[in-house]
Each structure stands twice: as structure tokens, then as C-alpha cells.
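Below: the structure, in C-alpha cells.
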Amino acid sequence: MVWQPNRLTPKKSIVYMKHYKFYEQVNHNFDKAAPFTRFDKGILNQIKVCNTVYKVVFPIKRDDGSIQVIEGWRVEHSHHKMPTKGGIRYSHKVDEDETMALAALMTYKCAIVDVPFGGAKGGVKISTREYSDRELEKITRRYTFELIKKGFIGPAVDVPAPDYGTSAREMGWILDTYRQMSDDLNAEACVTGKPIQQGGIRGRTEATGRGVYFGIRETCNHKADMDKLGLSTGVEGKTFVVQGLGNVGYHSALYMTEAGAKLVGVAEMEGTIYDPNGLDLKALMDYRKETGSIIGFGNSTSLKGKRVIFEQECDIIIPAALESQITIENAPKIKAKIIAEAANGPTTADAHEYLKERGALIIPDSYLNAGGVIVSYFEWLKNIQHVRYGRLNKRFDEASLMRIVSEIEQLAGKSFGEVERKVLTRGADEYDLVDSGLEESMITAYEQITTIREEHNLEDLRTAAFVNAINKIGIMYEQMGIFP
Ligand code: NAD
């Protein structure tokens with residue numbers, strides 16, 4: 031399907047799913063892919079359901095002495111591989127349906143990028159801005175305690191990570207709480223996304239955004255797709271906008287601009303800014319730190335609302351905030367030809383159908399934002415191996431490279447300069463290896479998805495990604511002992 035700039039009314043054939051909840055939307059995408067696999071209904075049903083759903087309610091004493099009841103969830107969607115893995119979200123919008131949807135997405139995501147985990151997700155229904163750091167620590171530790179009590183956390187069982195509203199700090203609190211209650215030798219592997227000093231890994235903070243960049247780069251290098259969209263290949267020179275300048279949005283924008291793309295619009299809680307001449311990301315971050323807002327930055331135009339960002343002129347839109355932001359209502363106003371889903375579930379199923387009909391290219395969340403779980407997997411491996419990547423081989427590699435360089439110098443009869451010699455003989459450290467592993471995983475997964483798309487003559491990458499996931503998970507369930 032080639033890009034159709036003027037077809038603005040959704041076709042009658044689109045099934046409107048305005049009232050579908052998030053989990054139903056994920057299952058709708060699954061159901062579209064299922065017929066392209068060989069599995070029977072029973073196996074498909076087993077893959078789709080959430081294996082365990084744990085709701086927890088506990089009180090905390092606030093700084094003013096009052097008691098507040100907090101609600102939280104942990105959902106383990108699939109036990110076909112262990113441990114299960116998935117972030118913990120802090121948001122006032124968290125509920126059981128959202129946590130189930132995100133857990134299911136984690137299962138498919140892990141399968142798509144060959145991370146050997148089942149999917150899980152956690153959530154606590156709080157708005158972080160309404161709590162002091164002390165209160166957030168109390169909530170995190172108590173939530174962790176509840177997970178420990180019911181066996182919903184552990185290096186071999188279920189391994190949380192950061193998500194919307196949480197960061198390395200919360201993961202550090204989770205590890206400390208777990209460690210106080212367990213003498214597990216591998217305790218550090220009970221959670222990922224930790225501070226480096228507590229067993230974290232270099233490159234995890236930026237991993238999701240870095241993976242988003244690798245995924246967009248692979249897509250933009252696919253000539254046939256770019257031809258259909260009437261775009262040139264490559265990231266360089268393309269314009270893009272970002273919704274949400276948090277961990278994922280900021281790092282996606284950072285690597286996109288480093289690769290020569292132009293950031294022309296940003297939406298945050300306080301509103302939207304747009305400048306067709308480009309926004310300086312670093313200066314914008316400093317400006318927001320200073321003024322508490324992106325509004326009024328540089329020569330940008332300020333626009334009311336947050337979703338208005340999607341209507342701006344650009345090549346790529348990167349939703350990096352929350353789910354259900356691109357809907358059947360605002361999709362017809364989208365001018366961008368590529369939608370790069372950095373957030374989880376940002377496009378509703380009906381908006382996806384409409385955009386696909388119009389010829390837009392959607393890079394699906396289940397693939398595009400997998401960078402976080404890929405590097406979390408590396409962190410988990412590091413923790414159970416009890417050794418930092420590069421520690422055993424870095425100096426050895428450098429000495430070997432030095433011998434090769436000396437040999438070349440002797441044969442050539444001239445010497446390299448000091449800087450050249452340093453570059454040529456540098457051994458890989460932890461960050462280099464993590465980054466290289468992340469890039470390799472994103473490239474391989476993209477190749478797998480495009481191969482499946484071609485094999486089944488599928489129009490969209492999302493369905494191809496789901497087919498890929500179902501194929502890998504289905505085999506595991508087929509081989510599993512099903513008790514009479
Ligand atoms: P974050 O809390 O670091 O940042 C989110 C940002 O979005 C915040 O700055 C917030 O102010 C802003 N925001 C919220 N609602 C908005 C709106 N309506 N319009 C504009 N801005 C808005 O969260 P994050 O970790 O960057 O996660 C963002 C998304 O990426 C989520 O969907 C999350 O599930 C997904 N994700 C995160 C990771 C990860 O490693 N952190 C991994 C995979 C997927």
C-alpha cells in the first residue's frame with residue numbers, strides 16, 4: 031500500500047474499538063496474527079491468557095501522619111520460559127487491565143527479540159508527583175515485601191525493571207528489600223535497571239531509547255518501504271516529533287539527532303512546542319530544568335494540548351509517553367508517514383487499521399521498545415555470573431591488538447600516531463559490549479520480522495512481529511507436559 035495523503039475518512043470496514051480496553055486491544059492484534067501460524071485453538075488460547083494475576087492492597091503512613099491505602103498489581107502473563115520479566119509502573123492510571131495488557135506485551139516482546147523470559151508487569155496506582163521521596167521509598171519497599179511474601183519476585187521466578195514513573199532508584203530499593211529477606215547467592219539478579227553500584231549494567235538507562243533508534247534506523251534503511259512512502263532511505267535528514275521527554279523519549283530523540291535527524295516538535299505534560307527549523311535537544315532539557323516547562327523555548331510555537339503533536343508536519347512521530355494516544359479520532363490528522371512506537375500500546379487497534387489503510391508504516395512497540403528488556407537480560411546474566419562484562423578479556427584483547435599493530439608497523443616501516451594506536455588497540459569494555467549486543471539483537475529481530483512479512487505477504491510489521499512471537503511461544507507450549 032502506498033502512502034495516501036488525501037484519504038482522511040476512515041473506511042466503513044474498520045471495526046471501531048473505541049470502547050475496547052487495552053488488554054482487548056493487545057488480544058485483537060494477537061488474533062489477527064494467529065491464522066498465519068500453525069497452532070490449534072487450545073495452544074493459542076493458552077498463549078493469550080495471563081497465567082497469574084496478583085492484586086495487593088496495603089497501607090502506608092504519609093509524612094503528615096495520615097494513613098493511605100495503596101493498590102498494586104503484579105501480573106505474570108506467561109510461564110513458558112522462566113523467570114518472567116517486566117517493568118513496574120507508577121501512575122494514577124494503573125489498573126488490572128493495563129497491567130495484564132503490558133504483561134502480555136512483554137511476553138511477545140521477549141519472544142520477538144529472543145530474550146529467554148516469560149512476560150510480566152507490575153503497577154502501583156499512585157501519581158509520583160504527589161508523594162515525597164521518603165513516601166515513595168516506603169511504598170516501593172512495602173510493595174516489594176508483598177511480592178516476596180507471595181513468591182512474585184526472585185532471580186529464577188520474576189524479575190522487575192523500571193517503567194513509566196520508576197527508575198534505577200526504585201530498583202535499588204527493591205534489591206535492598208529483597209536482599210534483607212533472602213540469602214540467595216544470586217539476589218542481585220532479582221531486579222534489573224539497578225544503579226551500577228548495586229549490580230546494574232552500563233547502558234541500561236539509555237537502552238530503550240537506543241533500541242528505538244536502532245529499530246527506526248533499520249526500518250528507514252529498508253528501501254522498498256521507503257519507496258512506498260516516497261521517502262529517501264536513512265535516518266539522516268528526516269524530521270521527527272516526540273511525545274513525552276522522559277527516559278525513553280529523551281534517549282530516542284538524543285540518538286536520532288546524533289544520527290542527523292531533526293527534532294521539530296515535543297509534547298510534555300505542560301503542552302506542545304513545534305519549530306520546523308529544529309529544536310536543540312540539550313538546550314531544551316536545560317530550559318525545562320530551569321523553568322519547569324518546555325513552553326516558550328527558543329523560537330518554537332507553543333500549541334495547546336499534548337496530542338496535537340501528532341498533527342504536526344514531520345516524517346516520523348515517536349509516541350513515548352503512555353498507551354492509547356493515537357486513536358481513530360486523531361489518526362486522520364496525522365501527516366507523518368512513519369509511526370515509531372516507543373511507548374507501549376500508543377496506537378489503538380482501530381487507529382492502526384486506519385493508518386495502515388492509508389499506507390503509513392507503523393514500527394510496533396513489541397519490537398521497537400525492546401531495547402530495555404534486551405539490556406535487562408544482559409544485566410541479569412551479569413548478576414548470575416557475578417562478573418562484569420569485559421573484565422576477563424579487555425586487557426588480553428588489548429595486548430593481542432598491540433602485537434598485531436606492532437607487526438603491521440614493522441612490515442610497513444612506519445609507526446601509527448599515539449591517538450590512532452589507542453583507537454586500534456582498545457579492548458571492549460562493558461558499555462561497548464552491551465551496546466553491540468543491543469544493536470545485534472535489534473537488527474536480527476528486524477530481519478526475522480521482515481522475513482515473516484514477506485513469507486506471508488503481510489502488509490504490516492505488527493502482525494508479522496506477532497506471528498514471530500506466537501511461533502516461538504507455541505512450540506514451547508506444545509512440548510510442555512500438560513497434566514491430565
Ligand atoms: P518516564 O516516566 O521516564 O517518562 C514519561 C514522560 O512522558 C514523562 O516525562 C511524562 O511527563 C510524559 N508524559 C506523560 N503523559 C504525557 C502526555 N499525555 N503527553 C506528553 N507527555 C506525557 O517513562 P518511560 O520509562 O520513558 O516510559 C515511557 C513509555 O515507554 C511507557 O509506555 C513505557 O511503558 C514504555 N517503555 C519504557 C521502558 C523503559 O525502559 N523505561 C521500556 C519499554 C517501554
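Counting with this note's numbering, you get residues 31 to 514 for the letters of the sequence shown. In this text, a Cβ means the ideal position worked out from N, Cα and C, and glycines have one as well. Computed from a predicted structure; not experimentally measured.
Where does the unbroken alpha helix (DSSP H) through residue i begin, and where does it stop?
i	result
Arg-234	234-250
Tyr-120	It is not in any alpha helix (DSSP H) - Tyr-120 instead sits in the beta strand (DSSP E) that spans 114-120.
Asp-93	Unbroken run through Asp-93: none, as it is neither H nor E.
Ser-466	460-485
Asp-213	Counting along the chain, Asp-213 falls outside any alpha helix (DSSP H), and DSSP gives it neither H nor E.
Leu-411	401-415
His-58	52-63
Asn-277	277-288
For the candidate residues the options, whose alpha-carbon lies nearest to that of residue i?
i	options	result
Gln-227	Trp-203, Lys-91, His-486, Asn-75	Trp-203
Arg-318	Gly-335, Ala-390, Gly-230, Glu-300	Glu-300
Tyr-384	Asn-374, Ala-366, Glu-409, Thr-357	Thr-357
Lys-502	Phe-147, Asp-214, Val-403	Phe-147
Asp-465	Phe-426, Ile-414, Lys-268, Tyr-407	Tyr-407
Glu-484	Phe-60, Phe-66, Phe-52, Lys-62	Phe-66
Val-417	Arg-68, Gly-241, Ala-191, Asp-459	Asp-459
Tyr-138	Glu-167, Asp-427, Ile-404, Val-338	Ile-404
Thr-129	Ser-108, Gly-153, His-109, Cys-140	Gly-153
Gly-223	Asp-490, Ala-64, Arg-199	Arg-199
Pro-306	Asp-316, Ala-297, Asn-329, Thr-321	Asn-329
Gly-322	Lys-336, Tyr-304, Glu-298	Glu-298
Asp-213	Glu-236, Tyr-194, Met-201, Pro-185	Pro-185
Ala-134	Val-124, Arg-119, Lys-151	Lys-151
Phe-23	Gly-116, Gly-326, Lys-367, Glu-320	This structure cannot settle anything about residue 23, because the visible part of the chain is limited to 31 through 514.
Glu-477	His-252, Asn-81, Tyr-161, Tyr-208	His-252
Asn-423	Ile-505, Ile-393, Asp-462	Asp-462
Tyr-243	Met-286, Glu-320, Arg-209	Met-286
Return the bridge partner residues of residue i from the DSSP annotation.
i	result
Gln-227	For Gln-227, which the question treats as bridged, DSSP gives no partner whatsoever.
Phe-270	Leu-293, Ile-346
Ala-499	Answer by DSSP bridge pairing: none, since Ala-499 is not bridged.
Ala-133	None; Ala-133 has no bridge partner.
Ile-393	Ala-370
Phe-88	Ile-100
Val-83	Val-105
Asp-193	DSSP lists no partner for Asp-193.
Thr-377	Ile-356
Lys-151	Val-105
Gly-322	In DSSP, Gly-322 forms no bridge with anything.
Glu-489	Answer is none; Glu-489 lacks a bridge partner.
Glu-428	Note: Glu-428 sits in no beta bridge, so no partner.
Glu-298	Gly-301
Assuming residue i is part of the beta strand (DSSP E), what are its boundary residues?
i	result
Ile-364	Run containing Ile-364: none; DSSP gives neither H nor E here.
Thr-302	301-304
Thr-331	331-333
Whole-angstrom Cβ separation of residue i and residue j, contact assumed at under 8 Å?
i	j	result
Tyr-419	Ile-142	Their Cβ separation, rounded to whole angstroms, is 24 Å, which puts Tyr-419 and Ile-142 out of contact at 8 Å.
Ile-369	Ala-390	6 Å
Thr-238	Gly-401	5 Å
Tyr-525	Phe-182	Outside the shown range of the chain (31 to 514) lies residue 525, about which nothing can therefore be said.
Ser-157	His-122	4 Å
Ile-347	Ile-364	7 Å
Ala-372	Val-278	5 Å
Phe-88	Gly-375	Incorrect: roughly 28 Å between the Cβ atoms, too far for contact.
Asp-490	Ile-392	6 Å
Glu-236	Lys-155	Wrong, their Cβ atoms sit about 28 Å apart, outside the cutoff.
Whole angstroms is fine: what's the gap from residue i's alpha carbon to residue j's?
i	j	result
Arg-492	Ala-131	16 Å
Glu-106	Thr-480	29 Å
Phe-270	Glu-126	33 Å
Glu-288	Asp-310	11 Å
Arg-232	Leu-284	17 Å
Glu-359	His-382	12 Å
Thr-196	Leu-441	56 Å
Leu-261	Leu-468	27 Å
Arg-247	Phe-60	26 Å
Asp-206	Cys-220	10 Å
Ile-73	Pro-113	21 Å
Gly-230	Thr-455	27 Å
Ala-361	Gln-342	12 Å
Ser-430	Lys-452	13 Å
Asn-57	Ser-436	60 Å
Glu-470	Lys-91	47 Å
Glu-176	Val-86	7 Å
Arg-337	Ala-191	28 Å
Gly-335	Gln-273	11 Å
Val-189	Val-449	43 Å
Ser-332	Glu-353	24 Å
Tyr-50	Glu-266	38 Å
Tyr-161	Ile-500	41 Å
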